[in-house]
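Residue numbers (this note's numbering): 4 to 131.
C-beta atoms are modelled at their ideal positions from N, C-alpha and C, and glycine is treated no differently.
Below is one structure, written out as structure tokens; the observations come after it.
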């Protein structure tokens with residue numbers, strides 16, 4: 004009972020702070036959310052989580068599958084192969100948001116490690 008009262012008060016205070024127009028802007032931002040070029044999965048996840056938390060504070064309810072689907076749709080084209088694997092092996096419905104982000108970060112780290120190894124294998128020659 005006390006927790007519910009605190010939630011209502013937080014929601015009211017948050018609405019007063021950002022206003023109803025801002026709520027519509029946040030919903031709009033959520034709909035248009037996508038991974039920005041040059042950003043890592045961790046950076047994208049931080050931005051997305053912040054946006055979702057603001058919306059939750061205003062009373063918006065999200066299903067886990069909705070968040071997972073949104074992240075998968077928001078990834079850049081370079082992630083298409085990984086998205087296909089996710090759908091083929093486990094299916095996005097079974098992933099939690101945290102599992103998905105963890106899987107994507109692990110994949111990103113392995114990819115960067117391979118790229119670094121390839122770059123180290125190349126020899127640099129100074130030309131005069």
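Secondary structure of residue 38, DSSP reduced to three states
If you number the chain shown from 1, residue 38 lands on position 35. Here residue 38 sits in coil by DSSP.
Evaluate contact between the segment 83 to 92 and the segment 46 to 62, counting only Cβ atoms and requiring at least three cross-stretch pairs below 8 Å.
no
Reference residue 104; option with closest CA among 49, 115 and 26:
On the chain shown, position 101 is the one that residue 104 refers to. That would be 49, whose Cα lies nearest to the Cα of residue 104.
Taking just the CA atoms, how far does residue 68 sit from residue 96?
Looking up residue 96 in the chain shown gives position 93. Looking up residue 68 in the chain shown gives position 65. Per the coordinates, the alpha-carbon of residue 96 lies some 6 Å from the alpha-carbon of residue 68.
Supposed contact pair residue 86 and residue 51 - C-beta distance, whole angstroms, cut 8 Å
As a working note, residue 51 is residue 48 in the chain shown. As a working note, residue 86 is residue 83 in the chain shown. With a Cβ gap of about 16 Å, residue 51 and residue 86 do not count as contacting.
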